[in-house]
Each structure stands twice: as structure tokens, then as C-alpha cells.
Amino acid sequence: MTISAEIQAKAAEWLTSGDVACVVGYERGTHGRTRPAFIYQGEDVARLIFDKTCTHNLTTYLPQLFNDGSLMKATHKLAPDASIAIITKPCDIRAINVLIGENQVSRERLKVIGVVCEGILDGAGKRAFVECEPIYTYQRRCRSCSERVPLVYDFLIGESVSPELVQEEENLRGIQDLTTSERAKYWLAQFDRCIRCYACRQVCPLCNCPACLYERDDSLWVGMGFGVDEKRTFHLGRAFHLAGRCVGCDECERVCPMGLPISLLNRRLAQEIETMFGYRPGIKPAFSPLTSILQQEQGIP
Amino acid sequence: MTMITRSALFRWLDEMAEELPLIAPSYVEGILLYRQVSKSSEVAMARERPVLSPKEVFFPSTEVLFTINKNGDKLRLNETLPVKEQVVFGVKACDARGLSSLDAMFIDTAPADPYYAAQRKLTTVIGMKCKEMGETCFCTELGLSPDDPSGVDISLAEFEEGFDVQVMTQKGLDLLNRYLQDGADFYIDRSPLSGCTDATQPTRVVLPEAKTFPLLFEDAMWDEVAERCLSCRICAYACPTCRCFDIRDEELPASAGERRFERIRCWDSCTRNAYRRTAGGHDPRAGKGERLRNRIYCKYYYFPRRYGQLSCTGCGRCIDLCPVNIDITEILRRIVEVRQFP
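The listed protein sequences derive, respectively, from chains Y and R.
In terms of this note's numbering, the first sequence opens at residue -14 and continues consecutively.
In terms of this note's numbering, the second sequence opens at residue -19 and continues consecutively.
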């Protein structure tokens, strides 16, 4: 049975039995592009797919469901305590752990279909892929991924992991070797391109504040203008707020229409936190030590 | 047919870039954008469409409308209208249509917007015809053609031997005469015009009848099509016709005893959260389905009713850039389907 068929079978089983009211998964959209899909009925499960183009981190929809309930209740009148199933890759599951640790998601109402992942293709979600196309490249995050099997799941699909995948060491030297002023110049040029579309923030499962600090009506911290100062403040501030929480799904960078290397900031901070606190976000459902350190000061090196 | 040689075009661009701001498609770290260039070699003669439309030249993402100086009881306002003459090069037919849609609202309907109108007047637009349509393009479905020269001051078409020059306005002729000498730069070409080749199947679009829209205002389809929407603003900011803005006064640094402010106007988008939130907290477009409906209705119903033309050019940017494949043409097809088989 293919992975897609296994997903469809499980989704149909859970939807029909009433174990879950909705399955959040992937489907093929227009122009051959893969996109998120919300399935409510057993007869619709044929839409569900899973392959190397399933790049989206679907956990970004979970806080909308579990917190304010705005999602799906509108259309499908889900009961307030309805359970939901989600198709996840190993990286996405780390986001679920952080969300559980931060009380944004109720584990009891969540059924996780974990898929063993060989990597997602570069360009996934943005174009069609055809079988006969010669060589694909995997996304950067996948080339350096050490976790092919989901850490948490209610139902696991897939077993072996493709052995020929070469794991790349995290390499940020290119940027770190620059002098401070060169690095500032590099980043300001990057931030300058930003158009404040906030796609990076909106796609992020962990950017789930009801009102963003950088978008207050009173311009208290950041003005409304599209100047480089405002944009720098937003991007650096966002990176700090994600430090110790970001699970490295790189969706922020994938969706950026202006090609900002946003994940570099997150990856650099993740390195720092691993060195300082020996902590990797999302391995367990826990609160980040960076936000809880006042209670556990013995953890400071 | 009047042709200009390749070298003459590049010399022309070089000369213009020396004298006035020349804005042209240019690659910035692999991203094709309209940027001011200093020489012709920075201009990308690319077939792909720039990520953002030339809208930002006339309706910038941030525009200072005026500054406010407050000194004791004295208040001084300084209007900051655009004053620079400039040239935009390489505008495609869809984006030229986008400008005409912006004109309809900002200039042709009283009161005219002085900022947009001044920038339009000061800017000469040089168009470049498309040779083929992109994967997500659907301009032909909206009655436009990739090699339509209208809406620009000079329209160019690229050929092996050089560029066909079609002067569309007096402004275009003036610019041409300022830089190019007849005879030396032009020659008459005899090879037949090969025209625009349509390499891909155009995306099929069925425009719903106007009367359909009010009937579907409360339809359940909106929450469904918007389910995966992230409420970001890519679609609106990349769009050549979206022109929503927000206005705010922001304080500037000032010397002692004085206060300075500027009134700025910035891009806004109906797809974002709290777009329609009013004082007191009420938000008539609180759901993302309601906001996506607004985006569609604006383009194909509200705007045409008020300004007599669509607020969509079929450029396909929103389809290409949407992180979750919300496809405006799929929604249009859906509207027609829902209407036929409710």
C-alpha cells in the first residue's frame, strides 16, 4: 500500500467512526502544486496525498482550531470538544510538542498520523513535479535533518529510511566569518527587500500571538512604514521570540516572496541555545528554558 | 515597422540612467524586481514577470503625504508631492492594464489623488511585449493580450535583430526624440513580425455574471475556500491593482521645544486579520472567508461597478506566490459552479 493509500484508509476509519471530526492533510491543488487540505467526510479522503512535495507545516493551523476555534467551526460547526487528526512529518511533530508545552494544543483532542520522511523537494508547493523529471534536490533543512522517524504519533506510516541521503553539517560559517559591519550590511540589504507581507509570521506555527507586537495600531515599538528600521526590528525581534521555540521547519523562508534568508537567524539562535542550554525545541512537549529559566536557574551553565 | 538595434537600445538606457531615475526589472539576489538601475547592464531582459508589479513606483509601499512641525502654538504643514521626472522600463501588458485600473480610481474619479497623479505625470512608461505566456498567466482570459501596446508611452517588442518601437503617446515621442537620432538608431526591418506565441495552455477563467455576486455573499463556499488561507498579504502586495492603504501620523526626532511628525500612507490588505476592525473593536470581516470574499468581490464586482473595469489583469502573481495555493481562477470557477448547481 502506498503512503497516500495508508493515510486515506486511516483517515476514512477515524472520520467514519467519529474519532475525529476533521483530518488536516495534503492534496494536489491547481497547476500541480501541493497544498493543505481539510477533510471532514469519509468519502472525501481520496483527495489526501503524501509525497516529497508535502512541504507545508500543517501544525500552523492547530492553534486556530484549539485556541479561538475560528477555523473550521465556521463552516462545519464542529463541536467545541471535537478531535482532529493531522498528517505530520518528523519536523512538524516537533512543533506540536512545543505547542503542547505552551498550552496551545490539546493532546487529548489531537490524533497524529506521523509519516517517516525521506526529505521534501526544493520548490515543493511552488510548482508541479513530474515523474520523468531527472534529478531533484532536497530542501536544505532536509539535507541536514537527523530525524527521519516522528518522535510522537498515534499512527505511524512508513518504516525504513532511505540510507543514501547524505546529512549535511549545519554550516553558517559564511555569515559568521564576516566582520560585524559586513554582517550588518548583509542583513540590512536583506531586510530592505522585505515588503511586510507577514507571510513568514502567518505561516509559522509558533508565531501565534493574537496581536503581534510589531503591528500595534499605536506604533508603540515599530512604525507602520516599510522602512529598513521597521523591518529590521520586526525580523530580529521575531527571531528572538522564536529562540528556543523554533523547530526549524523553514516555512518562513519558503514562503517569503522576496527571498529573505530568514531561517539563517533562527538556525544561528538554535545553535546558541543548544550550546548554552543543551536544549533542542520540540523533542519533548515542554516549555522552552528561555521562557522558564527564572524558575530553574540551576540550568544556567 | 520601426526597429531600434540592440546596441542603440542599451546606449539609450545608459544615457537615460545618467540623467534621470531609470526604473527597470533587475535581479536582486535572484529575485526579479523593479529597481532603479545605473546602467543598461543591470536591466534584466527577462521573460519572467517581476515578483512585484510596477505599482510600487506610483503607489509606493510607504509614502510621506506631509510633515507637521509643532512649535508652541504654531503648526506648520509641508506637503511632500513627488517632483522627480523618471522612466519605467520593461512594463508588460498586464501591468500596464494595472496602471489603468489604478488611474481609474486615483485620477479619473474626483477628487484625484495628488500624489499618485503627480507621479504618473512625471513618469514615462516604456512597455515590453510578452513573447509567451507564463504557467499561471490568464490575461487573455480577461480580454487582454500579452502583446497589447496600450497603456504605455512607448511599446517595445524584442526580436533577434533588435526591438520594434511603437510610440503610443506624445510623452513617449518626446522621450524618444530627446535621446535617439532618426536614421542612425533606427532601421526599417523587412522580416515579418512573428507575434506572440502562446507556449502554455492558458488558465481557463469563466467570469461570473455581475448578478451572481450578491446571491453568493452569504454562501458557505467562502469559509471553505479560505480554510487554508494564512491571512498574509502576499496576494495584495504583489497585485498590480490592489491599492488599499492605511494612514497614520508618526513622530520624528526633533530639536528641543519642537515636535515633528509625518503623515504616512502605507500599503494595506483586505486579507489580513483585523483589516476592517473599527474603533470599539467591531470587525465586520472577522473571518478569513469574509476577507477572501472581499478580495474576489473587489476585483470582479465592486471595482467594475464603480470604475467600469476589472481590478484584475490576469498577471497570475497571486497564484504563483500564494504559500498555500489559493488560486483566484479556481475560486472564479467555483463561483460559477455553485451558481449552476447550488
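Every residue gets a Cβ at the ideal spot worked out from N, C-alpha and C, and that includes glycine.
Of all the CB atoms in chain Y, is at least one closer than 9 Å to the CB of residue i?
i, result
"residue 218 (chain R)", "yes"
"residue 10 (chain R)", "yes"
"residue 212 (chain R)", "yes"
"residue 177 (chain R)", "With a pLDDT of 48 at residue 177 (chain R), under the threshold of 50, the modelled position of that residue is not reliable, and the figure given next carries that caveat. Cβ-Cβ to chain Y under 9 Å: no for residue 177 (chain R)."
"residue 309 (chain R)", "yes"
"residue 174 (chain R)", "Annotation note: pLDDT 45 at residue 174 (chain R) (below 50); position unreliable, no value reported."
"residue 317 (chain R)", "no"
"residue 274 (chain R)", "no"
"residue 249 (chain R)", "yes"
"residue 122 (chain R)", "no"
"residue 116 (chain R)", "yes"
"residue 104 (chain R)", "no"
"residue 41 (chain R)", "yes"
"residue 295 (chain R)", "no"
"residue 75 (chain R)", "no"
"residue 303 (chain R)", "yes"
Since residue i and residue j should fall inside the 8 Å C-beta cutoff, what is the C-beta to C-beta distance between them, to a whole number of angstroms?
i, j, result
"residue 270 (chain Y)", "residue 86 (chain Y)", "5 Å"
"residue 9 (chain Y)", "residue 72 (chain Y)", "7 Å"
"residue 92 (chain Y)", "residue 68 (chain Y)", "Between residue 68 (chain Y) and residue 92 (chain Y) the Cβ distance is about 11 Å, and since that is not below 8 Å, they are no contact."
"residue 245 (chain Y)", "residue 258 (chain Y)", "Incorrect: roughly 22 Å between the Cβ atoms, too far for contact."
"residue 239 (chain R)", "residue 231 (chain R)", "7 Å"
"residue 30 (chain R)", "residue 14 (chain R)", "6 Å"
"residue -4 (chain Y)", "residue 24 (chain Y)", "6 Å"
"residue 96 (chain Y)", "residue -1 (chain Y)", "6 Å"
"residue 4 (chain R)", "residue 70 (chain R)", "5 Å"
"residue 161 (chain R)", "residue 103 (chain R)", "With a Cβ gap of about 24 Å, residue 161 (chain R) and residue 103 (chain R) do not count as contacting."
State yes or no: is the beta carbon of residue i nearer than 9 Å to at least one beta carbon in chain R?
i, result
"residue 182 (chain Y)", "yes"
"residue 226 (chain Y)", "no"
"residue 23 (chain Y)", "yes"
"residue 188 (chain Y)", "yes"
"residue 41 (chain Y)", "yes"
"residue 8 (chain Y)", "no"
"residue 104 (chain Y)", "no"
"residue 209 (chain Y)", "yes"
"residue 175 (chain Y)", "yes"
"residue 264 (chain Y)", "no"
"residue 148 (chain Y)", "Because the pLDDT of residue 148 (chain Y) is 49, which lies under 50, any placement of that residue in the model is unreliable, and the number read from its coordinates should be weighed accordingly. Judged by the 9 Å Cβ criterion, residue 148 (chain Y) is not in contact with chain R."
"residue 5 (chain Y)", "no"
"residue 170 (chain Y)", "no"
If we call anything under 9 Å between Cβ atoms a contact, is residue i one with residue j?
i, j, result
"residue 252 (chain R)", "residue 197 (chain R)", "no"
"residue 309 (chain R)", "residue 119 (chain R)", "no"
"residue 133 (chain Y)", "residue 75 (chain Y)", "yes"
"residue 43 (chain R)", "residue 95 (chain R)", "yes"
"residue 126 (chain Y)", "residue 41 (chain R)", "no"
"residue 98 (chain R)", "residue 63 (chain R)", "yes"
"residue 126 (chain R)", "residue 110 (chain R)", "yes"
"residue 34 (chain R)", "residue 105 (chain R)", "yes"
"residue 12 (chain Y)", "residue 34 (chain Y)", "yes"
"residue 253 (chain Y)", "residue 83 (chain Y)", "no"
"residue 341 (chain R)", "residue -12 (chain R)", "A question about residue 341 (chain R) goes unanswered here, because the residues of chain R that appear run from -19 up to 322."
"residue 185 (chain Y)", "residue 241 (chain Y)", "yes"
For the beta strand (DSSP E) containing residue i, list its first residue and its last residue.
i, result
"residue 22 (chain R)", "Taken as a continuous stretch (DSSP letters only), residue 22 (chain R) belongs to no beta strand (DSSP E), as it is neither H nor E."
"residue 91 (chain R)", "Taken as a continuous stretch (DSSP letters only), residue 91 (chain R) belongs to no beta strand (DSSP E), as it is neither H nor E."
"residue 6 (chain Y)", "Element bounds for residue 6 (chain Y): n/a, residue is neither H nor E."
"residue 105 (chain R)", "103 to 108"
"residue 7 (chain R)", "2 to 8"
"residue 20 (chain Y)", "19 to 24"
Does any CB atom of chain B fall closer than 9 Å to the CB of residue i?
i, result
"residue 58 (chain R)", "Here chain B cannot be found, since the structure's protein chains are Y and R."
How would you write the range of the alpha helix (DSSP H) that residue i sits in, first residue to last?
i, result
"residue 77 (chain Y)", "75 to 86"
"residue 194 (chain R)", "192 to 195"
"residue 300 (chain R)", "297 to 301"
"residue 308 (chain R)", "308 to 320"
"residue 201 (chain R)", "201 to 205"
Name the DSSP bridge partner or partners of residue i?
i, result
"residue 230 (chain R)", "R:242"
"residue 71 (chain Y)", "Y:9 and Y:97"
"residue 15 (chain R)", "R:4"
"residue 66 (chain R)", "R:103"
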